[in-house]
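Residue numbers (the working numbering): 60 to 318.
Beta carbons: idealized from backbone N, C-alpha and C, even for Gly.
If you're wondering where the values come from, they're calculated on a predicted model, not measured in any experiment.
Reading through the structure tokens given below for one structure.
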């Protein structure tokens with residue numbers, strides 16, 4: 060799928076499913092958003108939440124000078140319905156902020172899917188002040204136990220999909236390296252395995268809807284939901300490995316006085 064087609068898919072997907080990632084994460088044994096927000100608490104200056112979706116990190120940073128940015132009108136409407144703001148409609152590749160004007164950037168589950176990634180990272184680098192922090196949460200392909208791997212094979216088989224065709228697969232387990240290449244200094248790169256409670260037909264349907272699968276037809280989606288509903292059961296847990304990468308924009312080197 061080329062970039063224009065991907066952008067059309069993402070626009071339609073979030074129009075149809077605003078807040079879907081937050082809903083999926085509500086099934087987790089602990090909040091991934093709270094984990095992401097930890098290194099951003101106490102930051103001085105504005106915290107810019109890029110591709111904020113329904114803005115779940117706003118609740119985790121109640122005292123921050125927080126601003127949420129997203130291109131999806133439906134996602135921003137969902138964030139506003141939850142009384143989260145202020146909000147600005149804009150794309151991650153053209154951030155409406157002055158250069159070196161923000162203390163931190165938050166990127167929750169967006170870097171594998173926003174395009175073009177080099178331009179997005181360039182915009183984040185532009186708006187961060189020297190020494191500013193980037194905290195990013197992304198899916199991880201590593202960390203599954205053997206039973207967890209089998210469970211995900213069961214899920215993807217029900218959806219008749221081999222993988223999620225994200226445009227930036229390097230922004231998952233390879234995110235730290237991508238950030239270094241883009242000029243950031245990586246402070247921490249950590250993986251944590253959360254578990255989702257897939258204990259009802261509703262939870263199974265939510266899981267099926269929450270995966271980015273451009274080729275999934277309505278008929279296949281409904282068949283997958285029926286299959287996963289039969290698999291769902293009290294106590295059923297699905298492992299979800301996530302990675303949190305915290306980086307900073309290096310400060311400008313001190314100016315040298317002429318000798």
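Expected contact under 8 Å - CB spacing of residue i and residue j to nearest Å
{"i": "residue 114", "j": "residue 73", "result": "The pair is not a contact, with the Cβ atoms about 13 Å apart (cut-off 8 Å)."}
{"i": "residue 228", "j": "residue 171", "result": "7 Å"}
{"i": "residue 219", "j": "residue 307", "result": "At roughly 42 Å, the Cβ-Cβ gap does not stay under 8 Å, so residue 219 and residue 307 are not in contact."}
{"i": "residue 117", "j": "residue 127", "result": "6 Å"}
{"i": "residue 136", "j": "residue 144", "result": "Not a contact, Cβ separation roughly 12 Å."}
{"i": "residue 269", "j": "residue 80", "result": "6 Å"}
{"i": "residue 151", "j": "residue 173", "result": "5 Å"}
Spatial distance of residue i from residue j (CA atoms)
{"i": "residue 272", "j": "residue 240", "result": "29 Å"}
{"i": "residue 313", "j": "residue 188", "result": "Caution is warranted here: a pLDDT of 40 is assigned to residue 313, below 50, making its placement in the model unreliable, and the coordinate value is therefore given only provisionally. C-alpha separation (whole angstroms): 15 Å."}
{"i": "residue 52", "j": "residue 200", "result": "Past the boundaries of the shown model lies residue 52; the chain is included only from 60 to 318, so the question cannot be answered."}
{"i": "residue 61", "j": "residue 203", "result": "30 Å"}
{"i": "residue 153", "j": "residue 278", "result": "37 Å"}
{"i": "residue 294", "j": "residue 242", "result": "44 Å"}
{"i": "residue 248", "j": "residue 283", "result": "34 Å"}
{"i": "residue 107", "j": "residue 125", "result": "6 Å"}
{"i": "residue 276", "j": "residue 88", "result": "31 Å"}
{"i": "residue 95", "j": "residue 120", "result": "10 Å"}
{"i": "residue 103", "j": "residue 122", "result": "11 Å"}
{"i": "residue 131", "j": "residue 63", "result": "16 Å"}
{"i": "residue 147", "j": "residue 100", "result": "22 Å"}
{"i": "residue 255", "j": "residue 67", "result": "29 Å"}
{"i": "residue 78", "j": "residue 112", "result": "6 Å"}
{"i": "residue 65", "j": "residue 71", "result": "10 Å"}
Nearest neighbour of residue i, chosen from the options [CA to CA]
{"i": "residue 191", "options": "263, 105 and 169", "result": "105"}
{"i": "residue 198", "options": "145, 160, 250 and 82", "result": "250"}
{"i": "residue 303", "options": "174, 193 and 160", "result": "193"}
{"i": "residue 226", "options": "94, 131, 153 and 177", "result": "177"}
{"i": "residue 93", "options": "242, 195 and 268", "result": "195"}
{"i": "residue 261", "options": "77, 222, 85 and 69", "result": "85"}
{"i": "residue 58", "options": "259, 280, 276 and 274", "result": "Residue 58 lies beyond the residue range present for the chain, which begins at 60 and ends at 318; the question has no answer from this structure."}
{"i": "residue 258", "options": "292, 63 and 129", "result": "292"}
{"i": "residue 305", "options": "274, 269, 282 and 235", "result": "235"}
{"i": "residue 232", "options": "168, 186, 175 and 151", "result": "168"}
{"i": "residue 221", "options": "256, 265, 186 and 274", "result": "274"}
{"i": "residue 265", "options": "310, 175, 76 and 70", "result": "76"}
{"i": "residue 263", "options": "146, 100, 78 and 82", "result": "82"}
{"i": "residue 14", "options": "256, 309, 186 and 224", "result": "One cannot answer for residue 14 here, as it falls past the ends of the chain, which runs 60 to 318."}
{"i": "residue 159", "options": "186, 175 and 142", "result": "186"}
Q: Evaluate the contact criterion for the segment 196-211 versus the segment 288-306: three or more CB pairs, one atom per stretch, below 8 Å.
A: yes
Q. Is it true that the segment 273-287 meets the segment 174-188, where meeting means three or more beta-carbon pairs spaced less than 8 Å apart?
A. no
Q: Answer yes if the segment 154-174 comes into contact with the segment 212-219, meaning at least three C-beta pairs across the two stretches below 8 Å, and no otherwise.
A: no
Q: Taking only runs that begin and end inside the segment 254-313, name each unbroken beta strand (DSSP E) of 3 or more residues, in chain order.
A: 296-307
**Q.** Secondary structure, beta strand (DSSP E): runs of 3+ residues fully inside the segment 148-235
**A.** 161-167 and 187-198
Q: Tell me the start and end of each unbroken beta strand (DSSP E) in the segment 79-149 that is at least 3 residues and wholly inside, in chain order.
A: 105-109, 124-129 and 146-148
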